Every structure is written in C-alpha cells, then in structure tokens.
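Asker: Here you go, one structure.
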Amino acid sequence: MIKKPQSYVGKNVITCEIAAAYTFCKLKAYFLLNLGKQEAQHEHISILKEETNKNRENYLSMIKMKIQEAKPYSPEEMKKGISTLLDANFTFGDLEAYADVLTRVEQSSSQIGHIYVPTIVIGTYKLSKDQKLLLAFSGYVLSKLQKEKVPFGTIITNGNVAHIIKLESLYKEIESLLMIITKWVDTHNSESPPIILNNHCPLSPFLETCEKKSL
Ligand code: SF4
C-alpha cells in the first residue's frame, strides 16, 4: 500500500503509459498510477526518448508538408472531419490516450461515414509488445470516443517505416488489464501487487524502491 503525493491525489487517470507498463510488471503500473511519472530515468530510456522525439519531429514535418489540411488535434477539429489531426491527447472517462497522428478513414458502418485511426512514432527499428499496447490503448480510447471499433492503427519505426497493426486481439488484453487497474483506482488504499523482480527491473525508475523493499 502506498500513499499518493498531494499533487496527484484525485487525478485517478489511466494513461497509455500505465497500460504499457502493465505488460512489463503489474507493480510498475501500480506505482505509475499512484505516484505519476518519475523524473529519474535509466540512460537507455532517455536515449530511446530522444530518438522517439527526433523521429516524431521528422514524421510530423513530413506529414505537414504532404497534407496541407493537417491541423493540431482538438475535439472541434475532429467533429469537422479534418482528414489529418496532429499531436492528439484525448480522453474518455478516466482513460487518457495519445497519438502522434489521427487519420480519417471512410467507414460505412459509422454513423458519420468515417472514423479516425491512430498513428504513433517510436524510436526503434523493431516493434515490442509494450509499443503495440500503447497503440492499442489509443485505439481503444478512440473506439469509446467514436462509438465505433477502431480496427487498426500504425506504428512508425526508425527510418519512417510504417507498420499497420490489427488491434482487435489487443483490445482483449487492454480490457483485462483495465479491469484490474480500475479496481486500484476505485479502491481507496488498494493493496499493491507483490514485488517480482524481472528482466525489466534494470530499466525501471522504481528499481531502488523495490530493491530496498525486497531486502
Ligand atoms: S523495479 Fe522491477 S519489480 Fe519493481 S516496479 Fe520496476 S519492474 Fe516492477
């Protein structure tokens, strides 16, 4: 059981980072939910972030040059049906997601004839499970917002290579992890998951805490 810092009390927001952390370690997701993002980071994570930011900047500049209509995301621009929305932070209830680009695709089953699908940019050549889950979380929140299932999304890896990812099977995973995380949110002073040291620990910002506790 941990005490939330005052600045974080009452926020109870489930972000894509928390969902992705759950794939590595339940306790890491629990810590992120209750304590928020940590400033101190492993060097490898900082390098990865730099690479991601560089790729994101390049990708977004390319999109802006190619698609004149592209605009920064806002719920209003989304309602207008603008073809390409950039840098999108969107929420549904206590779920908070992010996509670098939202692209409108025509879909006859949708009441308004189209839906938006997410694209995220990453800083690696290969795709990992947590990166796919980040995308799926965005797709899941977008599905809730649009009242229409988002069937796929795109991940852009190093060198601007686009990978289209089917999201349906990942939604099941999102739903089961959300059941647990929502219980943490709803239960005052919920019991934290046990410390299970694993391969991801050296990169985790909570390593020191866990090492001290497991002594
Ligand atoms: S240090 Fe390891 S056990 Fe502790 S939260 Fe991080 S990943 Fe989980």
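Numbering-wise (the numbering used here), the sequence shown opens with residue 23 and increments by one.
Every residue gets a Cβ at the ideal spot worked out from N, C-alpha and C, and that includes glycine.
These numbers were taken from a predicted model, which means no experiment stands behind them.
Based on Cα-Cα distance, which residue from 68, 170, 175, 147 lies nearest to residue 160?
Answerer: The residue given as residue 160 occupies position 138 in the sequence shown. Minimum Cα distance to residue 160 is reached at 175.
Asker: What is the DSSP secondary structure of residue 91, counted as helix, strand or coil?
Answerer: As a working mapping, residue 91 is identified with position 69 in the sequence shown. It is coil, neither helix nor strand.
Asker: Under a Cβ-count criterion, where at least 16 other Cβ atoms within 10 Å of its own Cβ denotes burial, should residue 42 be classed as buried or exposed?
Answerer: Along the sequence shown, one-based indexing puts residue 42 at 20. Buried: at least 16 other Cβ atoms inside 10 Å.
Asker: For residue 226, verify whether its CB is less than 7 Å away from any heavy atom of the ligand SF4.
Answerer: For the purposes of this step, residue 226 is identified with residue 204 of the sequence shown, where counting begins at 1. True, at least one ligand heavy atom lies under 7 Å from that Cβ.
Asker: Using the beta-carbon count (16 or more within 10 Å), is residue 190 buried or exposed?
Answerer: For this step, residue 190 is matched to residue 168 along the sequence shown. With fewer than 16 Cβ atoms within 10 Å of its Cβ, residue 190 is classed as exposed.
Asker: Tell me which residues share the same chain as residue 167 and place their Cβ nearer than 8 Å to its Cβ, disregarding the 5 neighbours each side in the sequence.
Answerer: As a working note, residue 167 is residue 145 in the sequence shown. Correct list, in chain order: 112, 114.
Asker: Leaving out five residues on either side along the sequence, give the residues of the same chain with a beta carbon under 7 Å from the beta carbon of residue 78.
Answerer: For the purposes of this step, residue 78 is identified with residue 56 of the sequence shown, where counting begins at 1. Closer than 7 Å at Cβ, skipping near neighbours: 122, 143.
Asker: For residue 97, tell me which candidate among 108, 89, 194, 88 has the shortest Cα-Cα distance.
Answerer: Residue mapping note: residue 97 aligns to position 75 of the sequence shown, counting from 1. Cα-wise, what sits closest to residue 97 is 108.
Asker: Work out the CA separation of residue 230 and residue 56 for me, nearest whole Å.
Answerer: As a working note, residue 56 is residue 34 in the sequence shown. As a working note, residue 230 is residue 208 in the sequence shown. Spanning the two alpha carbons is a distance of roughly 17 Å.
Asker: When the Cα of residue 87 is compared with those of 100, 192, 106, which residue comes out closest?
Answerer: To locate residue 87, count along the sequence shown from 1; it is residue 65. The shortest C-alpha separation from residue 87 is found at 106.
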